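> One structure coming up, written as structure tokens, with questions to follow.
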Amino acid sequence: MEIPYTTKPRPDTGLYNAKVGIWLFLASEVMLFGALFSSYILLRVGAFVENWPHGLLNVPIGTVNTIVLIVSSITVVMAWASLKMKNFGKFKFYQAITVLCALMFLGIKSFEYRDKFTHYEVWKTDGTRMTGHIEGKPMFLTLAKVKAAGKEKIGFIPDPYHYSASKEVKHTAKEHPGEHKTVEIAVSEIKRLSAFVPAHSTYFAIYFTLTALHGLHVLGGAIVIGFLFGPGSKMWHSDPERFTNRVEVAGLFWHFVDLVWIFLFPVLYLL
Amino acid sequence: MSEHPYDISKHIRGYLIIGGALILGTVLTVLASFIDLGHHWNVVLALVIATVKASLVALYFMHLISEKQLIYTVLGFTAFFFIGLMFITIAAYHDHPALTTTN
């Protein structure tokens, strides 16, 4: 049985069915991310400044990733336009760039995640707190694991300032960056030890929830766009109009993924 | 949306201009974050730039500038519920107990 209205518009909607479907799906996605943004706002306004890490994300890397997604949005619409102009070669070219951009975005994000998993905060029993790296750059270390390993001290390379420091302290530390010396901290003096993982704080919990969910969308979109670039592109030779519509629907999803990142970037990295 | 190959080719330049504007908007967002306008106004400015960028993507890349009525109806309902959600969020914020001690 043939699926109806894959190319011809349905008389009552004036649209082919897949287009109505993707827009209904995107409407549900707006509410999904809207609910998470709402959670972010409430967590942020309900948190004390000293418990809300700020300035820990790498802005240049985030900017590059934003530009990578924007470029992919341009190429995805250019790929669709190429098909409309019956230029299959150009479609392949733009679609390949889109997939490469998606992989680049995910690669950069993985690098950022790894950086967070090896970055720690130490809460000492005397009330002081410091952020930095543990010698050997281990991932996901906790106080329980350190104690289980029978260690009495850890080598810690502290950051020049804690994220809750005043603007003046941060400015001075940036103007006069000292040497990154390793200090030894007795395990008995540590109250809590956590990498920048979701369990660290509400900030990282919502940061990883939002960016991981967005990352999964990028991955899903890349798989579909990759399929339309590769084996799925055979349809161009048998049913070009239907194939063009498939590319348009995948493109609409991709633009939405870009649109979400446009809000995530300033909210998480800059504010 | 235009269907004729010639009509589409006329849009290509527009897509590139919009793409350039989005990259420029990203650079502006980063630069604006380094200007101390007071936290409140920094948030407002960043969200205004993000909204302009998102509108460009939706209107031109997603072709919402010339869509069928049904799509607008669906998005009208979405906007209604999204604004409602944000209204509840802001209302909850104003109903938040005052923060007095750190944990």
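Protein chains in written order, with the working numbering: chain H, 1 to 271; chain P, 272 to 374.
Note that CB positions come from ideal geometry on N, CA and C, so glycine has one too.
Remember, predicted model here, so these are calculated numbers, not experimental data.
Please state whether the Cβ-Cβ distance between Ser72 (chain H) and Trp236 (chain H) is less than 9 Å.
Within the first sequence, the letter at position 72 stands for residue 72 (chain H). Within the first sequence, the letter at position 236 stands for residue 236 (chain H). Taking 9 Å as the Cβ cut-off, Ser72 (chain H) and Trp236 (chain H) do not qualify as a contacting pair.
> So which of H:Asn17, H:Met1 and H:Thr202 has the shortest CA-CA distance to Asn51 (chain H)?
Taking the first sequence and counting its residues from 1, one reaches residue 51 (chain H) at position 51. Looking at the Cα atoms, H:Thr202 is the closest of the given residues.
> To the nearest whole angstrom, what separates the beta carbons of Leu327 (chain P) and Ala292 (chain P), a pair I think is in contact under 8 Å?
Here residue 327 (chain P) refers to the residue found at position 56 of the second sequence. Here residue 292 (chain P) refers to the residue found at position 21 of the second sequence. The Cβ separation is near 6 Å, so the contact holds.
> Mind checking the segment 257–271 of chain H against chain P and listing, in chain order, the residues whose C-beta falls within less than 8 Å of any C-beta there?
Those residues of the segment 257–271 of chain H that come within reach of chain P (Cβ to Cβ, closer than 8 Å) are Asp258, Leu259, Ile262, Phe263, Phe265, Pro266, Val267, Leu270 and Leu271.
> Near Tyr16 (chain H), which residues of its chain fall below 8 Å by C-beta distance, leaving aside the five closest residues on each side in sequence?
Counting from one through the first sequence, the residue named residue 16 (chain H) turns up at place 16. Cβ within range, chain order: Tyr5, Thr6, Thr7, Lys8, Pro9, Arg10 and Asn245.
> Using DSSP with H/G/I as helix, E/B as strand and the rest coil, what is Ser166 (chain H)?
As a first step, residue 166 (chain H) must be located in the first sequence, where it is residue number 166. Three-state result, Ser166 (chain H): coil.
> Could one say the Cβ of Gly290 (chain P) lies closer than 9 Å to chain H's Cβ atoms, at least one of them?
As a first step, residue 290 (chain P) is located in the second sequence; it is residue number 19 there, counting from the start. At least one chain H Cβ lies under 9 Å of Gly290 (chain P).
> Kindly indicate the opening and closing residues of the beta strand (DSSP E) around Lys153 (chain H).
The residue labelled residue 153 (chain H) in the question sits at position 153 within the first sequence. First-last of the beta strand (DSSP E) with Lys153 (chain H): Lys153 to Pro158.
> Should Met1 (chain H) be labelled buried (16 or more other beta-carbon atoms within 10 Å of its own) or exposed?
Counted from its first residue, the first sequence places residue 1 (chain H) at position 1. Exposed.
> Is the segment 35–54 of chain H touching the segment 302–322 of chain P in the sense that three or more CB pairs, one from each, lie closer than 8 Å?
At 8 Å Cβ cutoff, the stretches do not touch.
> If distances are taken between C-alpha atoms only, which option among H:Trp261, H:Tyr269 and H:Val267 comes closest to Ala102 (chain H)?
By 1-based counting over the first sequence, the position of residue 102 (chain H) is 102. For Ala102 (chain H), the nearest C-alpha among the options comes from H:Trp261.
> How many angstroms separate the CA atom of Met272 (chain P) from the CA atom of Lys170 (chain H)?
One-based indexing of the second sequence puts residue 272 (chain P) at position 1. One-based indexing of the first sequence puts residue 170 (chain H) at position 170. In this predicted model, Met272 (chain P) has a pLDDT of only 44, less than 50, meaning its place in the structure is not dependable; the value taken from the coordinates is given anyway. Using only the alpha carbons, I get a separation of about 52 Å.
> Does Ser280 (chain P) come within less than 9 Å of chain H when only Cβ atoms are used?
Position 9 of the second sequence, counted from the first residue, corresponds to residue 280 (chain P). Taking Cβ atoms only, chain H reaches closer than 9 Å to Ser280 (chain P), which makes this a yes.
> Applying the criterion that 16 or more other CB atoms from any shown protein chain within 10 Å of the CB defines a buried residue, is His119 (chain H) buried or exposed?
As a position in the first sequence, residue 119 (chain H) is number 119, starting the count at 1. Classification for His119 (chain H): buried.
> Using three-state DSSP, classify Glu121 (chain H) as helix, strand or coil.
Indexing the first sequence from 1 puts residue 121 (chain H) at position 121. Strand, per DSSP.
> With 16 other CB atoms within 10 Å as the buried threshold, where does Tyr364 (chain P) fall?
Looking up residue 364 (chain P) in the second sequence gives position 93. Flag for Tyr364 (chain P) reads exposed.
> Since Phe332 (chain P) meets chain H, which of its residues come closer than 7 Å, beta carbon to beta carbon?
Reading the second sequence from its first residue, position 61 is the one you call residue 332 (chain P). Those are Ser73, Val77 and His255, listed as they occur along chain H.
> In chain order, what residues of the same chain lie with their CB nearer than 7 Å to the CB of Leu143 (chain H), ignoring the 5 residues before and after it?
Counted from its first residue, the first sequence places residue 143 (chain H) at position 143. Same-chain partners within the cutoff: Ile190, Arg192 and Leu193.
> Keeping to the same chain, check which residues put their C-beta closer than 8 Å to that of Pro138 (chain H); ignore five residues upstream and five downstream.
Here residue 138 (chain H) refers to the residue found at position 138 of the first sequence. Cβ neighbours of Pro138 (chain H) beyond the five flanking positions: Thr118.
> Do the segment 76–83 of chain H and the segment 278–290 of chain P meet, that is, are 3 or more Cβ pairs less than 8 Å apart?
Counting Cβ pairs under 8 Å, three or more are found: they touch.
> Quick one, which of P:Val319, P:Lys324 and P:Leu295 has its alpha-carbon nearest Leu284 (chain H)'s?
This structure cannot settle anything about residue 284 (chain H), because the visible part of chain H is limited to 1 through 271.
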